[in-house]
Structures are given as C-alpha cells and as structure tokens.
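Q:
2 protein chains.
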Amino acid sequence: MEKGVIGVDIGGTNTVIGIFNHDLELLEKVSIPTLKPNFPEKTSNPKEFFNLIASEINILAERNGYKNNISCIGMGVPGKVNPNIGIVIRAVNLGYEDVPFASEMEKRLGVPVFIDNDVRVYTRGEALAGSGKGSKNLICLTLGTGMAAGVMINGQMVTGSDFYAGELGHDPVEGVNYLCNCGKTGCLETIASASGISRLASEAIQSGEQTILKLADGTISSKDVYLACLQDDEAAIGIFNYVGKTLAYKLLTVTFLLNPETIVIGGGAAAAGKFILEPIQKVFKKHYSNNEFPNITIGSLGDSAGLIGSVHLAKSEYEKKK
Amino acid sequence: MEKGVIGVDIGGTNTVIGIFNHDLELLEKVSIPTLKPNFPEKTSNPKEFFNLIASEINILAERNGYKNNISCIGMGVPGKVNPNIGIVIRAVNLGYEDVPFASEMEKRLGVPVFIDNDVRVYTRGEALAGSGKGSKNLICLTLGTGMAAGVMINGQMVTGSDFYAGELGHDPVEGVNYLCNCGKTGCLETIASASGISRLASEAIQSGEQTILKLADGTISSKDVYLACLQDDEAAIGIFNYVGKTLAYKLLTVTFLLNPETIVIGGGAAAAGKFILEPIQKVFKKHYSNNEFPNITIGSLGDSAGLIGSVHLAKSEYEKKK
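First to last, the sequence lines map onto chains E and B.
Under the numbering used here, think of the first position of the first sequence as 629, with each following residue one higher.
Under the numbering used here, think of the first position of the second sequence as 629, with each following residue one higher.
#1: May I ask you to verify whether the segment 925-939 of chain E touches the segment 879-893 of chain E, counting CB pairs closer than 8 Å and requiring at least 3?
#2: Compute the beta-carbon to beta-carbon distance between Glu837 (chain E) and Ala876 (chain E), rounded to the nearest angstrom, for a pair I have assumed lies under 8 Å.
#3: Compute the Euclidean distance between the alpha carbons of Ile819 (chain B) and Met780 (chain B), then round it to the nearest angstrom.
#4: Against Glu795 (chain E), what residues of chain B qualify as contacts under a CB-to-CB distance less than 8 Å, listed in chain order?
#5: Identify every run of the beta strand (DSSP E) within the segment 761-785 of chain E, keeping only runs that are complete inside it and at least 3 residues long; order them along the chain.
#6: Mind checking whether Ser938 (chain E) and Val749 (chain E) have CB atoms under 8 Å apart?
#7: Determine the closest residue to Asn686 (chain E) out of E:Met733, E:Leu766, E:Asp744 and E:Ala793, with distance taken between C-alpha atoms.
#8: Could you check what DSSP says for Lys695 (chain B) in three-state terms: helix, strand or coil?
#9: Residues of chain B with CB closer than 9 Å to the CB of Val716 (chain E), please, in chain order.
#10: Is any beta-carbon of chain C found at less than 8 Å from that of Leu722 (chain B)?
#11: Does any CB atom of chain E fall closer than 8 Å to the CB of Gln784 (chain B)?
#12: Whose Cβ in chain E lies nearer than 8 Å to the Cβ of Pro881 (chain B)?
#13: Can you list, in chain order, the residues of its chain with a C-beta nearer than 7 Å to that of Lys873 (chain B)? Leave out the 5 residues immediately preceding and following it.
#14: Within a Cβ cutoff of 6 Å, which residues of the same chain sit near Lys664 (chain E), ignoring the five residues on either side of it in sequence?
#15: Could you tell me how far apart the beta carbons of Asn710 (chain E) and Phe791 (chain E) are, in whole angstroms, since I believe they sit closer than 8 Å?
#16: Assuming Phe921 (chain E) contacts Ile865 (chain E) under a Cβ cut-off of 8 Å, what Cβ separation, rounded to an integer in Å, is found between them?
#17: In angstroms with no decimal places, state the Cα-to-Cα distance between Ala730 (chain E) and Thr671 (chain E).
#18: Return the residue from the list B:Thr881, B:Ala897, B:Glu656 and B:Gly707 that minimises the CA-CA distance to Ile743 (chain B).
#19: Of all the CB atoms in chain E, is at least one closer than 8 Å to the CB of Val779 (chain B)?
#20: Does any residue of chain B have a CB that is nearer than 8 Å to the CB of Phe921 (chain E)?
#21: Using the three-state DSSP reduction, which class does Lys708 (chain B) fall into: helix, strand or coil?
#22: Could you please give the first and the last residue of the uninterrupted beta strand (DSSP E) stretch that includes Leu655 (chain B)?
#23: Quick test of your reading: Ala897 (chain B) and Ile825 (chain B), contact by CB under 8 Å. State the CB separation rounded to the nearest angstrom.
#24: Within the chosen definition, does the segment 687-704 of chain E reach the segment 630-645 of chain E through at least 3 CB pairs nearer than 8 Å?
#25: In chain order, what residues of the same chain have a beta carbon less than 6 Å from the beta carbon of Thr773 (chain E), not counting five sequence neighbours either side?
#26: Less than 8 Å between CB atoms is the rule here; does Gly788 (chain B) satisfy it with respect to chain E?
#27: Between the segment 899-920 of chain E and chain B, which residues of the former have a C-beta closer than 7 Å to a C-beta of the latter?
#28: Between Glu684 (chain E) and the rest of its own chain, which residues show a CB-CB distance below 8 Å, the 5 nearest in sequence each way excluded?
#29: So, is the C-beta of Tyr806 (chain E) closer than 8 Å to a C-beta in chain B?
#30: Grab me the residues of Met785 (chain B)'s own chain with a C-beta within less than 6 Å of its C-beta, minus the 5 sequence neighbours each way, in chain order.
#31: Can you list the residues of chain B that Tyr792 (chain E) reaches, using a CB-CB cut of under 7 Å?
Written as structure tokens, this is what we have:
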C-alpha cells in the first residue's frame with residue numbers, strides 16, 4: 629500500500645490535523661486545541677503541544693490503516709516561518725519564538741516534517757487544488773481577523789528576503805486612520821479583513837445610517853454584513869464596495885508589477901462572494917487593459933485550503949528531497 | 629583563449645553594442661542607429677537592422693582579437709518580449725511585431741543569442757554587477773521617458789503570465805489626471821519619470837511659482853530640475869519630493885508584499901541622487917518597520933546597466949543550456 633500524508637493547520641485557537649492518502653484525498657480530520665503559554669509568556673519549545681499533535685497523528689494513522697505508514701507531514705503555522713530550516717521565528721499570537729518545529733516533530737514521529745507560514749500554505753492549497761489550479765503566477769489574499777497575501781511566481785512560493793513577504797495587510801491606505809493591532813494606523817487590514825468589515829458595519833449603525841444591520845452584543849460579523857447584502861441592504865453593499873475598491877487599487881499595483889494569472893480572494897470575508905469580488909473586478913476593468921489576466925476569483929477550498937496546502941507542501945518538498 | 633561575449637542594448641533611437649571578455653569586462657562599445665520602419669508601418673523582420681548589427685558585431689570581434697571566438701550574445705529590446713523563445717512580441721516605439729529576434733541573429737552569427745525586455749536586462753545588470761549586487765530579491769525602477777520596473781525573486785527575473793510584468797508605470801495614482809502615452813489618465817509614469825518631472829517643472833514655471841527654473845525652447849529637462857535642486861531651489865526640490873513620495877507609496881505596497889532586499893532607482897531621472905532618494909526613504913522610515921530591508925539606492929551603472937545586463941543574460945542562459 630502507498631503511504632499516507634499528514635497535514636496540520638495550526639490556528640490561533642484550534643489546530644486541525646488531517647490524514648490523506650497518497651493521492652492527497654482527505655480520509656479523516658480532527659480538531660484539537662492549540663496549546664500555548666499564557667500571554668505575555670513565550671516559549672521556544674511547546675513540548676506538550678508537540679506531544680499532543682504527535683499522539684493525535686499516531687491515532688489518526690492507526691484508525692485509518694496507516695500505522696507506521698506515513699511518508700511525510702506538512703504544517704502551516706501563523707507567524708514568521710523559515711521553511712528552509714523548519715523554524716518558527718516568531719508567532720506572536722501563539723507566544724512562540726525560535727521554535728525548531730520541524731525537527732521536534734520529526735524526533736517524535738520519525739518521518740520528514742515540512743512547515744511554512746499559514747498564509748503561504750493556504751495559498752499553496754488554492755494554487756494547487758483550488759481556484760488557482762493550473763496557475764503558475766498567483767496572488768492569494770486571506771481576509772480573516774487580519775489580512776495577508778501569498779505570492780506564487782513561476783510555481784514557487786515567495787518568502788521574501790527575511791520571511792516578511794505577504795504582509796500586504798500592513799500597507800497604509802491614504803485617508804484611513806484606524807489603529808491597527810500592529811500599533812500603526814491606517815493599515816489595509818483595518819478595513820480589508822473580516823474584522824475591518826465588522827468595524828465598518830458597527831460604525832455605519834452607530835452613525836445612524838439606514839440599514840437592517842443590528843448590533844448584537846455590541847458586535848457584528850462580516851457574515852452578518854454579507855447576509856444583509858443578500859437582502860439588498862444598501863449600507864451593507866456599500867461596505868463591501870468600499871472594501872473591494874480599496875483592495876482593488878492595491879491589487880492593481882501588484883498586478884501591473886507581477887502580471888499574475890490569478891488572484892484568489894480567500895479567508896472568512898471571502899464568503900461574501902460577488903459582493904466583495906465585483907467591486908474589485910470593476911476597478912480592474914477600468915484600469916487594467918490586459919483582457920486575459922488576471923482571473924480574479926473567490927477561493928474554492930474555504931476552511932480546508934490550509935490543510936490541503938499543508939499536504940501539498942509536504943509531498944512536493946518530500947519528493948524534492950528523495 | 630577564452631571566448632568573448634557580446635551585449636546589445638537596443639534603444640528607441642540608438643543601439644549600443646559592446647564586446648566583453650569571458651570575465652564580462654567591457655573591451656569596446658559602439659553606437660549605431662536603431663533602424664525601424666516609418667511610423668505607422670510595422671515589420672516582423674527588420675532585415676537591414678539585423679544585418680547592420682551582425683556586421684558591427686563581426687567588426688568589433690575582429691578588432692578586439694575575438695574573430696570567430698564569441699561564445700554568445702545577449703540583447704535587450706524595449707517592448708514585450710518572450711525570452712523563452714527569443715521573440716519580440718511587440719515593440720511599439722520600434723514598429724516591431726512578432727519578430728523572431730534571437731533566431732534571425734543566430735542565423736547571421738552562428739552563436740546562441742538570448743534576448744529579453746530592456747528593463748529586465750537593465751535590472752539584471754544592476755542586480756548582478758551594480759547597486760543590487762548580491763541581492764536575490766530586488767526591484768529596479770527605470771525613470772526615463774516612461775517608467776517601468778524589473779523584479780527579481782530568488783535570483784530569477786519575473787516575466788509575468790503573458791510577459792506584461794514590470795508595467796508599474798501604468799498603475800493609476802489617485803488625484804493625478806495627466807494624459808499618459810498609453811491613452812489612460814493618471815498613470816504613475818505621468819509624474820514619476822524624466823518626462824513627468826519635466827512636465828511638473830514646466831507647470832511650476834507657468835503657474836508663476838518662485839523658482840530659478842526657466843523654460844528654454846518651451847521645455848525643461850529632469851536634469852535642469854536636479855541642477856536647480858543643487859542651488860536650493862525650493863520649487864525644484866518640491867518636485868522631487870512629490871515624485872519621490874508618490875513613488876514611495878507604490879514601492880511600499882510592493883515591499884509589504886515581496887520583502888525585497890534591495891530597491892534600485894535607475895534611469896535618467898535617478899541622476900538626481902539624494903533629491904529623489906531621500907523622499908522615498910522618508911516614507912519607508914515612517915511606514916515600514918523592518919529595519920534591515922529593503923536597501924533603497926540609486927543604480928550605480930547608469931547608462932551601462934542595459935549593456936552589462938545583456939552580457940549577464942547571455943552568459944547565464946548560455947551556461948544553463950551548455
């Protein structure tokens with residue numbers, strides 16, 4: 629029997645582990661809590677978490693008939709990652725610093741482990757098995773709590789000079805003054821993210837705009853705004869128009885420079901579909917005269933993009949090293 | 629004796645041909661007119677020009693002791709180029725369309741010929757032998773009649789999905805309404821280019837701003853504006869501040885996305901040195917907190933970047949194919 633492949637998608641709260649067959653078809657996935665030190669403590673060796681992941685992988689493998697029959701493991705970690713040496717340099721939301729992730733997992737499991745930044749892993753998923761399938765030059769955005777981008781050029785993921793590539797969420801937007809989690813003001817992610825959309829909706833309500841949106845417990849989600857769009861709520865549609873247009877001008881700059889085949893809009897807020905997509909496409913129609921590229925589209929893998937990307941990462945790196 | 633290498637830098641008016649030794653040291657260069665059909669005629673086979681280049685190369689080789697002893701030839705062409713198959717798809721200013729440049733030159737000279745877009749060749753020059761030496765991730769701008777960019781990622785030149793990468797000059801700038809040569813309005817190159825600077829200077833004079841700048845024959849060059857900066861002319865300094873700041877915000881977007889080690893400012897207007905560089909660096913200092921990268925600098929090869937890039941292109945492609 630051909631060996632199985634394990635994918636691990638580490639999130640700020642939960643971690644999803646999936647077992648795939650050799651053809652990268654998902655057999656089963658489980659979710660476990662992401663173990664991390666209490667803020668503001670930091671660790672360079674989250675032993676308990678490593679042990680928990682290893683034990684879950686062994687259970688998954690055995691239950692699916694792959695006991696001692698795994699070829700390799702791929703993992704996506706939210707933070708600054710050096711994929712070449714398998715180290716998590718810094719993962720602020722997890723409290724990890726200089727964690728030799730790959731080697732610690734290899735020690736426990738006896739098979740090669742490959743890691744990368746979660747957004748690059750997500751991008752890899754959409755590029756190889758999702759909306760970007762077949763593209764060699766692709767930009768993928770994740771509009772979640774924050775906002776980040778993955779870039780693939782000639783089929784290779786771009787990590788940047790010191791692993792800071794993809795931080796488009798912190799690019800300043802003229803005229804925007806919201807305080808960002810990073811400490812600066814006016815970052816793109818303060819509006820172009822699920823949290824940004826939520827904030828814009830709260831403001832619209834508080835300023836007395838006519839809308840069916842209502843604050844429940846003082847908050848409103850980007851999904852609520854999307855649902856209001858489906859009922860033709862103009863304030864809600866206006867929020868996605870504004871967010872899409874703002875994103876579009878940043879994506880135009882990127883497109884003029886890199887001429888990608890595909891731009892994938894992913895992350896939680898991408899569930900809004902055409903309400904986020906059409907304002908972007910409209911700006912491109914006006915300003916970008918290359919008719920063929922880029923194809924701007926919503927990610928097709930949803931929540932699974934990270935998990936699927938992690939097994940593609942594992943398999944391609946494993947085959948390179950074989 | 630080791631073989632020589634020929635570089636050819638084709639410009640809108642003149643073409644420079646250089647002969648280099650095996651170590652890529654320039655031995656001699658000559659300039660010939662760029663032959664092209666009269667506008668609006670077009671050609672897919674500029675035979676006379678090919679014959680002229682071939683004859684000049686043979687003369688150069690013989691005069692420098694390299695008769696029948698050239699290993700390869702590199703050429704930079706201003707237009708849309710497919711370097712993989714050696715074809716100039718479109719060079720609007722030259723009136724060329726679908727010209728099998730590399731194979732036509734190979735037929736005449738009997739050695740491998742490699743071509744690429746002039747800005748990518750220029751970028752290669754600065755990246756391998758100029759200000760960007762040692763960088764694997766680099767952005768290079770050419771501020772000339774127009775404005776374009778070259779991108780190197782992991783040591784590889786980025787061509788884009790259909791060879792349109794680098795067209796940053798046509799990215800729209802909010803609030804700018806000048807008509808661009810491309811037919812659109814507000815393109816970055818309508819201000820961030822030698823011509824753009826010239827236009828801004830003319831406007832400053834015509835609007836009665838206090839300045840030592842004077843219109844000679846109705847025009848003023850970006851060099852004139854630079855010379856006025858050297859005399860502390862506030863209007864001139866203001867023009868470079870505005871151009872630098874506008875460029876900086878576009879470069880910030882690019883930097884957040886790609887995390888390059890080096891950004892090289894090249895082309896004619898880069899002769900302004902610190903007057904164009906410092907406004908860019910100031911914006912980065914304010915908005916980009918990665919202290920190590922990018923190094924933002926003026927190109928060090930000046931006019932020779934294209935010629936030097938073309939021999940580096942030739943040598944590296946030749947060695948790949950050997």
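Yeah, the Cβ is synthetic: ideal placement off N, Cα and C, and Gly gets one too.
A: Walking through what the data contain:
#1: yes
#2: Wrong, their Cβ atoms sit about 23 Å apart, outside the cutoff.
#3: 25 Å
#4: Phe884, Leu885 and Asn887
#5: 766-771 and 775-781
#6: yes
#7: E:Met733
#8: coil
#9: Per Cβ cutoff of 9 Å: no residues; Val716 (chain E) is ~17 Å from chain B at best.
#10: Considering every chain present, this structure includes no chain C. Its protein chains are E and B.
#11: yes
#12: Per the sequence shown, the amino acid found at residue 881 (chain B) is Thr instead of Pro. Correct list: Leu796, Asp799, Lys878, Thr881 and Val882.
#13: Pro907 and Val911
#14: Leu722 and Gly723
#15: 6 Å
#16: With 8 Å as the limit, Phe921 (chain E) and Ile865 (chain E) do not qualify as a contact, their Cβ atoms being about 28 Å apart.
#17: 16 Å
#18: B:Gly707
#19: yes
#20: yes
#21: strand
#22: Leu654 to Pro661
#23: 6 Å
#24: yes
#25: Ser823
#26: yes
#27: His915, Asn918 and Glu920
#28: Ile645, Val658 and Ile660
#29: no
#30: Arg748
#31: Asn887 and Asn918
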